[in-house]
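To keep things clear, I will list the structure first and then write my remarks on it.
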Amino acid sequence: MSGLRISCDSPAVIVPNHISYVDAILISFAADRPMRFMIKRQIFEKAPRLLGALGAIPVSSKDSPKDIEASLEAARQAIRAGQSVVIFPEGQLTLTGNMTGFRRGFERIVAGAPAPVIPAYLDGLWGSVFSMQKGPSLWSRLKELPRPVSVRFGPALAEPTAQAARLAVSELGAAAMDDRVRTRRKPLAREFFASAMRSFNKPAIADSMGADLSYGKALTGALLLGRALNAAAPEQTNVAVLLPPSAGGALANLALASVGRVPVNLNYTASREAVEHALASAELKTVVTSRKFVEALKAEKGFVLPDGMHIVYLEDIAPTIPQWKKTATYLVLKMLPSSWAEGLFLRQATRHLDDTATILFTSGSSALPKGVVLTQANVLANIEMVRELLPWAKQDAMLGVLPFFHSFGYTVTLWMPLVSGMSAAYHVHPMQAEAIGKLAARFKSTLLLATPAFLQRYSQKIPAEAFKHLRLVIAGAEKLRDSVADEFAAKFGARPYEGYGATELSPVASAGTPDAGSQKGSKPGSVGRALPGTAVKAVDLATGKPVADGEVGMLMVKGPHVMKGYLGQPEKTAEVLKDGWYVTGDLGTIDRDGFISITGRLSRFSKLAGEMVSHTAVEEKLQQAAGLADMTFIVTGVKDERRGEKLVVLYANWDGDVEALLGKMRAAGVPNLWLPSKSSFYRVEQIPLLGTGKLDLKAVNELAAKLAGA
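Mind the numbering: the sequence shown is residues 5 to 714 in our numbering, read in order.
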């Protein structure tokens with residue numbers, strides 16, 4: 005066990021997270037000072053003499069006000085006597101792996117007996133036999149009993165409030181996660197190598213084009229392909245990958261990582277301008293692709309790679325690797341101890357967690373895409389966070405529909421299953437529902453991560469039987485409407501939970517999860533709680549200070565998954581990275597239980613008559629008044645000579661009367677300021693979307709300005 009000691013010697017109130025049955029014992033060892041613990045009365049009454057002799061102070065939320073006050077006074081007397089008091093402000097063990105809401109009992113203690121309030125964080129016990137995590141067998145937990153555990157203490161709180169304590173404890177959790185990754189994990193290629201050696205004969209990678217590889221075959225293929233690509237792209241650090249989610253796409257990424265190259269997955273749904281910008285900014289000279297895929301892109305959307313690129317086709321490389329070499333490599337891997345084999349085959353793979361793992365380009369929904377530099381530690385930390393929060397097992401099978409240029413696809417559907425011993429089955433196009441249904445049925449897929457637009461299509465096109473093995477579905481990239489979640493759950497029996505993140509966060513920051521016992525894992529309208537090892541706060545736009553629980557503020561995220569920076573753009577990096585915090589650009593709230601809700605993007609607001617009006621909120625009111633699904637009306641702001649800015653509405657697939665629609669909104673009490681003028685409604689062929697299913701804000705703004713003559 006490792007721990008960071010308490011810095012002050014005076015009596016203090018210590019407020020830690022509560023993750024296991026042995027938290028009190030670990031804190032006692034780490035703090036090394038006299039202390040008394042406030043514990044649940046139900047536990048105290050099981051051994052009152054022993055726990056009373058140890059100085060435990062019983063308390064319960066079910067106690068009468070008089071009894072609660074007596075418990076708090078006992079804690080105050082202990083402080084006055086020179087003893088420290090430990091109180092678990094969550095009031096209960098976590099059943100989900102998340103921190104729950106902090107109660108305010110310790111505020112009342114220090115109000116009557118002033119003492120420093122010291123946050124503490126226990127890390128490493130979730131999933132152990134002492135925690136309440138469900139899933140792993142008792143035997144598997146006992147085998148992992150000798151496990152690294154850390155206890156961290158932070159500086160005394162400047163403001164001893166429940167909100168400040170929860171934020172401080174979550175920041176300690178972010179530091180603990182960073183330490184965990186750096187002391188226990190290797191770079192991605194080495195993690196995959198170890199995973200493959202442990203699961204040599206297990207299914208690893210499959211796709212709808214017929215590939216079906218075991219871990220041993222996938223590892224063999226990646227290593228040999230890596231050597232071939234190394235020769236094909238000499239002295240190039242960054243190598244472009246233009247491939248869909250498929251066995252070939254996965255192997256190309258694994259191969260490049262195995263020889264120390266940085267795979268840069270190109271967004272083949274982006275504009276030519278965006279692709280050329282990515283190629284230039286990342287100094288990409290070689291692209292790994294498939295002749296068949298390039299031809300399909302050209303036929304479908306006229307996509308052509310710029311002149312001067314060195315193109316390496318997988319169809320051309322595969323025949324150059326003789327069968328004897330594949331067989332020999334496979335047998336050597338199968339027979340050698342893992343450590344020996346790693347030393348032999350991964351001599352060129354990076355050993356440093358701060359080295360770049362990939363460069364992912366932002367969606368470019370509002371401007372030219374920015375190259376987000378993610379380190380090995382960034383991606384590994386996010387994988388660790390997701391694995392800790394979501395109930396998964398090595399027997400799970402990932403259904404991979406997100407492209408690898410999408411950060412969710414790269415981290416969670418490509419690397420996470422392959423470094424965890426799970427299997428993954430991929431399909432090249434997320435909207436080809438029929439093929440995806442057949443793939444899921446064939447490989448008995450249990451996990452699905454997708455956008456709400458994709459889920460809506462699956463509900464309409466895929467038979468229920470095809471998704472019968474699904475048990476966990478997470479939606480991201482856009483708001484998950486209740487109607488979409490309800491339809492999916494009704495048909496397939498697995499309700500989607502909403503997640504939240506950004507490419508700059510590798511990408512996941514929060515996610516809803518299934519409820520566990522009495523504890524809620526999700527909440528209507530929210531994107532769940534912050535992942536373990538992630539700190540999130542909402543701050544005032546003017547002062548930068550945290551707003552009160554439930555109030556709207558700019559969301560900021562801290563943790564080891566925060567990007568290294570934007571490629572070649574130090575000024576833009578400095579704009580969004582503030583003392584380790586990433587400024588998301590999203591406005592939202594965090595309630596007392598830690599649930600995060602997104603209220604809008606700062607760029608999706610207009611300032612009208614001095615008031616900030618949310619485009620998203622106006623869209624919701626329009627859709628409610630029309631009785632239609634989301635994405636029918638899209639609201640944006642354009643310049644207006646008289647008012648400075650005005651709202652413009654683009655719509656498709658609607659033939660209603662605009663005047664009647666506005667009348668319904670007025671009758672529903674929608675503020676006049678939120679009502680666009682009748683002349684500001686424009687019917688369009690289709691709403692501009694990106695290939696990921698997200699709204700193309702840049703195209704929306706340009707189209708609206710053109711139509712409105714702004």
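Every residue gets a Cβ at the ideal spot worked out from N, C-alpha and C, and that includes glycine.
Please read all numbers here as calculations on a predicted model, not as lab measurements.
Query	Result
Measure the beta-carbon distance from Leu-384 to Ser-199 and round it to whole angstroms, keeping in mind my assumption that it falls under 8 Å.	About 12 Å separates the two Cβ atoms, so there is no contact after all.
Given that a residue counts as buried once 16 or more other Cβ atoms are within 10 Å of its Cβ, and exposed if not, what is Met-339?	exposed
On the three-pair Cβ rule with 8 Å, is the region 223-242 touching the region 149-158?	no
As a quick exercise: from Pro-164, Ala-506 and Leu-474, pick the residue whose alpha carbon is nearest that of Gly-480.	Ala-506
Would you tell me roughly how many angstroms separate the C-alpha atoms of Met-558 and Gly-592, rounded to the nearest one?	6 Å
If we count the other Cβ atoms within 10 Å of its Cβ and call it buried at 16 or more, is Gln-764 buried or exposed?	Residue 764 lies beyond the residue range present for the chain, which begins at 5 and ends at 714; the question has no answer from this structure.
Mind pulling the beta strand (DSSP E) runs of 3 or more residues that sit fully within the region 513-588?	539-543 and 557-562
Starting from the C-beta of Phe-41, find all residues in its chain whose C-beta is less than 6 Å away, skip the five residues before and the five after it, and write them out in chain order.	Ala-28, Ala-60 and Val-90
Give the list of continuous beta strand (DSSP E) stretches no shorter than 3 residues that lie fully inside the region 148-190.	154-157
Determine the closest residue to Ser-260 out of Val-416, Leu-707, Leu-223 and Ala-282, with distance taken between C-alpha atoms.	According to the sequence displayed, residue 260 carries Leu and not Ser. Closest option to Leu-260, Cα to Cα, is Leu-223.
Leaving out the 5 sequence neighbours to the left and right, which residues in its chain are closer than 6 Å to Leu-612 when beta-carbon positions are compared?	Leu-677
Looking at the unbroken beta strand (DSSP E) that takes in Glu-706, where does it start and where does it end?	From DSSP, Glu-706 is part of no beta strand (DSSP E) but of the alpha helix (DSSP H) over 701-712.
Measuring only the C-alpha atoms, how far is Gly-641 from Val-556?	21 Å
Quick check on Ser-65: does DSSP put it in helix, strand or coil?	coil
Using the C-alpha atoms, what's the distance from Ile-72 back to Ala-429?	55 Å
Return the residue from the list Gly-95, Ala-74, Gly-105 and Arg-84 that minimises the CA-CA distance to Ile-47.	Gly-95
Count the other CB atoms, across all protein chains shown, that sit within 10 Å of the CB of His-565; report buried if there are 16 or more and exposed otherwise.	buried
Could you compute how far the alpha carbon of Ala-210 sits from the alpha carbon of Leu-288?	29 Å
Please state whether the Cβ-Cβ distance between Ala-656 and Gln-627 is less than 8 Å.	no
What is the DSSP secondary structure of Arg-475, reduced to helix, strand or coil?	coil
Count the other CB atoms within 10 Å of the CB of Thr-187; is the residue buried (16 or more) or exposed (fewer)?	exposed
What do you get for Lys-50, buried or exposed, if any count of 16 or more other CB atoms within 10 angstroms of its CB means buried?	exposed
Starting from Ala-428, trace the beta strand (DSSP E) in both directions and tell me its first and last residue.	427-430
Might you give, ordered along the chain, the residues of its own chain that have their beta carbon closer than 7 Å to the beta carbon of Ala-489, omitting 5 neighbours on each side?	Arg-499 and Pro-500
Could you pull the start and end residues of the beta strand (DSSP E) that Phe-685 belongs to?	685-687
Measure the beta-carbon distance from Ala-178 to Gly-537 and round it to whole angstroms, keeping in mind my assumption that it falls under 8 Å.	6 Å
Secondary structure at Lys-70, three-state DSSP: helix, strand or coil?	helix
Name the one or two DSSP bridge partners that Ile-325 has.	BP columns for Ile-325 are empty, so no partner.
According to the Cβ coordinates, are Gly-563 and Met-181 closer than 8 Å?	yes
Determine, using beta carbons only, whether Asn-21 and Gly-598 come nearer to each other than 8 Å.	no
What residue does the alpha helix (DSSP H) around Thr-224 start on, and which one ends it?	219-236
Assign Glu-299 to one of three DSSP states: helix, strand, or coil.	helix
Since Ser-610 sits in a beta bridge, which residues does DSSP pair it with?	Val-617
Just list the residues that DSSP pairs Ala-124 with in beta bridges.	Pro-20 and Phe-157
If you follow the beta strand (DSSP E) that Asn-257 is in, where does it begin and where does it stop?	First-last for Asn-257: 251-262, but that is the alpha helix (DSSP H), not the beta strand (DSSP E).
Across the region 201-208 and the region 354-364, are there enough close Cβ pairs to call them in contact, namely three or more that are closer than 8 Å?	no
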